[in-house]
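So the sequences go chain by chain: A and B. According to my numbering, the first sequence is numbered sequentially starting from 1. According to my numbering, the second sequence is numbered sequentially starting from 1001.
There are 2 protein chains.
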Amino acid sequence: MGYDMRRTHMCGDLREGHAGEEVALCGWVNTRRDHGGVIFLDLRDRSGLVQLVCNPELSPRAHALAHQARAEYVMACRGEVRLRPPEAVNPALATGKVEVMVRELELLNPAQTPPFEIQEGVTPDESLRLRYRYLDLRRSVMQETLLLRAAVTRTVRSYLDENGFIELETPMLTKSTPEGARDFVVPSRLQPGRFYALPQSPQLFKQLLMVAGFDRYYQVVKCFRDEDLRADRQPEFTQIDMEMSFVDADEVMTTVEGMFSRVFREVRGFEMKTPLPRLTWRRSMELYGDDRPDLRFGMTISELTELFASSESRLFREALGRGESVRGFRLDGVTSPSRKILDELVEFARGLGSAGLIWVVREGDDLRSPLSRHLSEEEKTGIVEGLGLGEGEAGLLLLGTFEETSERLSRLRRHCVERFGMEPRTPWSMVWIVDFPLFEWDEEEGRYKSNHHPFTSPKTEHLDYLEKEPLRVLSDSYDLVINGSEVGGGSIRIHRRDLQERVFRLLGLGEEEAWEKFGFLLEALEYGAPPHGGVAFGLDRLVMLLAGRDNIRDVIAFPKTQSGTDLLTGAPDVLYPQQLGELRLKTI
Amino acid sequence: MGYDMRRTHMCGDLREGHAGEEVALCGWVNTRRDHGGVIFLDLRDRSGLVQLVCNPELSPRAHALAHQARAEYVMACRGEVRLRPPEAVNPALATGKVEVMVRELELLNPAQTPPFEIQEGVTPDESLRLRYRYLDLRRSVMQETLLLRAAVTRTVRSYLDENGFIELETPMLTKSTPEGARDFVVPSRLQPGRFYALPQSPQLFKQLLMVAGFDRYYQVVKCFRDEDLRADRQPEFTQIDMEMSFVDADEVMTTVEGMFSRVFREVRGFEMKTPLPRLTWRRSMELYGDDRPDLRFGMTISELTELFASSESRLFREALGRGESVRGFRLDGVTSPSRKILDELVEFARGLGSAGLIWVVREGDDLRSPLSRHLSEEEKTGIVEGLGLGEGEAGLLLLGTFEETSERLSRLRRHCVERFGMEPRTPWSMVWIVDFPLFEWDEEEGRYKSNHHPFTSPKTEHLDYLEKEPLRVLSDSYDLVINGSEVGGGSIRIHRRDLQERVFRLLGLGEEEAWEKFGFLLEALEYGAPPHGGVAFGLDRLVMLLAGRDNIRDVIAFPKTQSGTDLLTGAPDVLYPQQLGELRLKTI
Chain A
1 MGYDMRRTHM CGDLREGHAG EEVALCGWVN TRRDHGGVIF LDLRDRSGLV
51 QLVCNPELSP RAHALAHQAR AEYVMACRGE VRLRPPEAVN PALATGKVEV
101 MVRELELLNP AQTPPFEIQE GVTPDESLRL RYRYLDLRRS VMQETLLLRA
151 AVTRTVRSYL DENGFIELET PMLTKSTPEG ARDFVVPSRL QPGRFYALPQ
201 SPQLFKQLLM VAGFDRYYQV VKCFRDEDLR ADRQPEFTQI DMEMSFVDAD
251 EVMTTVEGMF SRVFREVRGF EMKTPLPRLT WRRSMELYGD DRPDLRFGMT
301 ISELTELFAS SESRLFREAL GRGESVRGFR LDGVTSPSRK ILDELVEFAR
351 GLGSAGLIWV VREGDDLRSP LSRHLSEEEK TGIVEGLGLG EGEAGLLLLG
401 TFEETSERLS RLRRHCVERF GMEPRTPWSM VWIVDFPLFE WDEEEGRYKS
451 NHHPFTSPKT EHLDYLEKEP LRVLSDSYDL VINGSEVGGG SIRIHRRDLQ
501 ERVFRLLGLG EEEAWEKFGF LLEALEYGAP PHGGVAFGLD RLVMLLAGRD
551 NIRDVIAFPK TQSGTDLLTG APDVLYPQQL GELRLKTI
Chain B
1001 MGYDMRRTHM CGDLREGHAG EEVALCGWVN TRRDHGGVIF LDLRDRSGLV
1051 QLVCNPELSP RAHALAHQAR AEYVMACRGE VRLRPPEAVN PALATGKVEV
1101 MVRELELLNP AQTPPFEIQE GVTPDESLRL RYRYLDLRRS VMQETLLLRA
1151 AVTRTVRSYL DENGFIELET PMLTKSTPEG ARDFVVPSRL QPGRFYALPQ
1201 SPQLFKQLLM VAGFDRYYQV VKCFRDEDLR ADRQPEFTQI DMEMSFVDAD
1251 EVMTTVEGMF SRVFREVRGF EMKTPLPRLT WRRSMELYGD DRPDLRFGMT
1301 ISELTELFAS SESRLFREAL GRGESVRGFR LDGVTSPSRK ILDELVEFAR
1351 GLGSAGLIWV VREGDDLRSP LSRHLSEEEK TGIVEGLGLG EGEAGLLLLG
1401 TFEETSERLS RLRRHCVERF GMEPRTPWSM VWIVDFPLFE WDEEEGRYKS
1451 NHHPFTSPKT EHLDYLEKEP LRVLSDSYDL VINGSEVGGG SIRIHRRDLQ
1501 ERVFRLLGLG EEEAWEKFGF LLEALEYGAP PHGGVAFGLD RLVMLLAGRD
1551 NIRDVIAFPK TQSGTDLLTG APDVLYPQQL GELRLKTI
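In structure tokens:
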């Protein structure tokens, strides 16, 4: 207030070319060094920092004020840019060749000593960071991450704008749409006893926008899930949400690939090869035991069950008798592993619930293995060939059902990557996983559940056995996996009422219940619904990957803790009794 | 499903240059005309419509299918574009010179007969439109409005991106910030008895982002107010929200003018003259009786109180004795108004609570008026000069306090514009109203209230009488008024804790209450808060103006009724008892 030095430059933008210019700067005192006669202040703003020189001979007033300045004081200054003397050049700093000779200095706002140091390389305790988020966000790593986030969003929007997508807003105060999680609800004061739900996704609205003929829709939109929070989940999250009419799965994927190509090029300088590989869900389970495989690493799974069809070993005979499989992979990244390392892996596999990990190491023409003497020559050769073992290379095998071995081998594979510090073949690996099963069987509730959501279209060629063999039906669905993380996915939707009703019935939704929950959708499908499909991506997760962070809270300006608390504002909070009264609510 | 004709063109894009090309189209049957041998279908998509010709000689199958087609059926076709015979050209249609000779036709989805006709010029009943919103949105006027909305948002974002603003997301599940309306609240399940509030605006978060050093922030963001709904309000609305550091009011306004210039140029082809006029709040009340004046029309108010200081008329003497004013304006748009018209205006003024409207009409050297014989020559001349009356022109005068005459004259002025169908001088008039009083006195609650919000900065030169004469203090605030509607506003904020605490005290907030509600802000102001200010605009209102609509619901894809109901989905709805139980809530 009351300062009249309109900024001419940002601190971090000053270069040699500015020498001789009179500039006005504003910012925060990053550091202060008192060299007897002269005081140096590093002044910082969003763009970076620059050195101010306060010489009492040039301005006694500025020098006196600089004397009082402390870290994080907000100041404005005016002065001339000059080249630093050669010995004072700081090559580590973008502005390191210049400094500003201060003629006027003004204190805009003093600052208390911050509860933690705002310096590169210092990461304070997280609860302190969240409590003083506005100070945490001053750290350059946080500034860069949120700038990257803005760049991703901007790039996504410009791509979609150029490709005929229309940004359309869907409501936040809406009706519950079951997406597998609990809804956050909002009591209505004007209609006591009734509640809005905050959207878990704009799924039904975007489908209605297709029925309305908007053809291509997108939105970068907040969504909400009232979950018991895991480390990488937030009660509110941001979704890049898209829907297209008159398309098949291939066209959706191609469109998305164009979008991600641009994002990776613009924010990471990485040229993505398109089309991206596409793996069916089944194939992904066979090769990686996982539907979000990290293709930066090898160690694909081979199935060796056949090899042991007539094994002499009781272990294999019994397992195969129970209908189990023998599956495993070649361990990359370490040759001739020691017994200690192998024992450690056996121990890890045991922790996954596996009865026993079988390791083998190729040594010349033989196989070193605890099971060595139970294996026939043919089996040994088969293992070497099946896993593709070179000299000194090890293979890891597990017995169990397809599901058991999938889960365990996938976790073992991820463990090995970490344990042996494997170098990725490429900084980014992207793959589509397609053709998920439409349903899964929920043991607990004794009914089928949608693998994605109830609006996902079964493959046309599987329609005939929808009722007869529901678990055999695959869907027109696709998930995008980047470096082993699912960043989003989607599907072609059901656009005919009769099919939607068949799927509801299979999910155990009675006619009345289906109508009550989804009557408006069923009705809309009867008034000229085009074939359509779409996809949604978690922006937070995507930015986390692009920024190389491993905590979702680091990519959100004001995140919540795992109990859903905002440590900065103290939300959630109690209400005034009057507020509860107006809502006709009572807490119990 | 199962169709394999990938679209090659959009219907509305076909032109003469496409003649001879094989195209594949998808869309909705707009109309069907059976001309005996040949059937014509108009196929419509987002881009427009084109005529399909189904000739049984070219494809008996397509012709048979076309025979069954009804309005709003979804179809795909393939065929050759050809020039229409000259006599069949439709100049009213962008595609009117061509038609598509259909070789293949496919029915993608049939449609029930819609509950209302989807044709230009037909506006169905609004509750029916909201109930079947996906059909209402197929009407070209709705498509155009939402496309315009997307264009406005896109233009705003690109301007702000280019001008150093960073898009940052603030939380939706947050703590109550009092902005004058009720909060919508969200019960926390993980912390029973506690509630989040949905933001009425991201006000405090954007200020914290300035404290965090982001320098320039923007967001196009949903906000919420639980109000008793008026015709032009929605419980959720979209705000263009901005904040800047190290700026004064002038810089914020200049930045906004650049943004609006671009918006008006790109979506309306209108060149806005900048800088926009700026009127102080006081001056606006004097000239228009209103802080959202419509400058497209004249009829500015003149104060004539002085003229009647020694009036012979008891009417004037008594009014002036009570400290009242004499104010009025020259009626534009009608000369030598009839007695009937003048009586009608008197009646209108009476409806506003005015004891009596005094009209005068200049006739030669004399004034026609019911008060004519009570007016001295000097007063008559004074009125003619004061109001600037030409021959035959009428003036309208009111007596009353400044506040009373302001309100009544402003409503009378708006009424005259409508009543006499006045032509605006320019299609768009934009003006800043600045320097609002910081406080107003709330008679009911017996305390001062913030005119904008409690974070608005008083003018530096008024700081001294903050406690002594609070009502004299003006603020560094600005509202943007377009064609008589306030589309948004903002202010320079308080950035020092001591001043913020003084303002809280004046607002009657005890120290403890201030700390409980705003402790995090007060604390942040002590850790190096830069001077900052910002502004927020209602996107819905802005789009409504730009689209020339007069119903806010027409610019929102899925709006709510005045009772907050979504007629399409039926939200808000009752909860399952289990949901209420998990939230530990009871409805009463």
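Note that beta-carbon positions come from the ideal geometry of N, C-alpha and C, so glycine has one too.
Item                                                                                                                            : Value
Minimum Cβ-Cβ distance from A:Val263 to chain B less than 8 Å                                                                   : no
Contact list for A:Phe240 against chain B, beta-carbon separation under 8 Å                                                     : The identity of residue 240 of chain A in the sequence shown is Ile, whereas the question assumes Phe. Those do not exist, as A:Ile240 stays about 13 Å from chain B at its closest Cβ, beyond 8 Å.
Option nearest A:Val361 by Cα separation, candidates A:Val74, A:Asp291 and A:Leu396                                             : A:Leu396
B:Cys1026: first and last residue of the uninterrupted beta strand (DSSP E) it sits in                                          : Glu1022 to His1035
Reference B:Arg1497; option with closest CA among A:Glu445, A:Val50, A:Ser201 and A:Ala111                                      : A:Ala111
Residues from the stretch 489-501 of chain A in contact with chain B, defined by Cβ distance under 7 Å                          : His495 and Arg496
Any C-beta of chain A under 8 Å from that of B:Tyr1159                                                                          : no
Through-space distance from A:Leu575 to A:Val263, alpha-carbon basis                                                            : 43 Å
Short CB-CB distance (under 8 Å) between A:Gln203 and chain B                                                                   : no
Minimum Cβ-Cβ distance from B:Cys1011 to chain A less than 8 Å                                                                  : no
C-beta neighbour in chain B for A:Trp28, strict 8 Å                                                                             : yes
Endpoints, the beta strand (DSSP E) within which A:Arg78 is located                                                             : Val74 to Leu83
Under 8 Å from the C-beta of A:Ile588: neighbouring residues of chain B                                                         : Arg1584, Leu1585 and Lys1586
Within-8 Å CB hit, A:Pro275 to chain B                                                                                          : no
C-beta neighbour in chain A for B:Val1384, strict 8 Å                                                                           : no
B:Leu1471 burial status per 10 Å Cβ neighbour count (16 or more: buried)                                                        : exposed
Contacts that B:Phe1184 makes with chain A (C-beta to C-beta distance below 9 Å)                                                : Leu173, Val186, Pro187, Ser188, Arg189 and Tyr196
Residues of the stretch 334-348 of chain A whose Cβ lies closer than 7 Å to any Cβ of chain B, in chain order                   : none
DSSP state of B:Arg1447 mapped onto helix, strand, coil                                                                         : strand
Local Cβ density within 10 Å of B:Val1050, reported as buried at 16 or more and exposed below that                              : buried
Assigned exposure category for B:Pro1091 - 16 Cβ within 10 Å defines buried                                                     : exposed
Closer than 7 Å at the beta carbon, the chain A residues around B:Asp1226                                                       : Arg189
CB contact check: B:Pro1235 to chain A, cutoff 8 Å                                                                              : yes
Validate contact between the stretch 385-403 of chain A and the stretch 346-364 of chain A using beta carbons, cut 8 Å, 3 pairs : yes
Any chain A beta carbon closer than 8 Å to B:Gln1578                                                                            : no
Counted within 10 angstroms of its Cβ, other Cβ atoms place B:Lys1468 as buried (16 or more) or exposed                         : exposed
B:Glu1407 versus B:Tyr1288, B:Gly1333, B:Arg1061 and B:Gly1096, residue with shortest Cα-Cα distance                            : B:Tyr1288
Residue nearest to B:Phe1205 in terms of C-alpha spacing, selected from B:Thr1561, B:Tyr1134, B:Leu1521 and B:Ser1302           : B:Leu1521
8 Å Cβ cutoff, A:Leu409 in contact with chain B                                                                                 : no
CB contact below 8 Å: A:Val574 versus chain B                                                                                   : yes
Short-range partners of chain A found in the stretch 1499-1528 of chain B, where Cβ spacing is below 7 Å                        : Phe1520, Ala1524, Glu1526, Tyr1527 and Gly1528
Start and end residues, beta strand (DSSP E) containing B:Leu1474                                                               : Unbroken run through B:Leu1474: none, as it is neither H nor E.
Proximal residues to A:Asp479 (C-beta, below 6 Å), its chain only, five neighbours per side dropped                             : Ile433, Glu486 and Gly489
Of the residues B:Ile1588, B:Val1543, B:Glu1404 and B:Glu1582, the one placed nearest B:Arg1268, counting alpha carbons only    : B:Val1543
Buried or exposed by the 16-neighbour rule on C-beta atoms within 10 Å, applied to A:Lys340                                     : exposed
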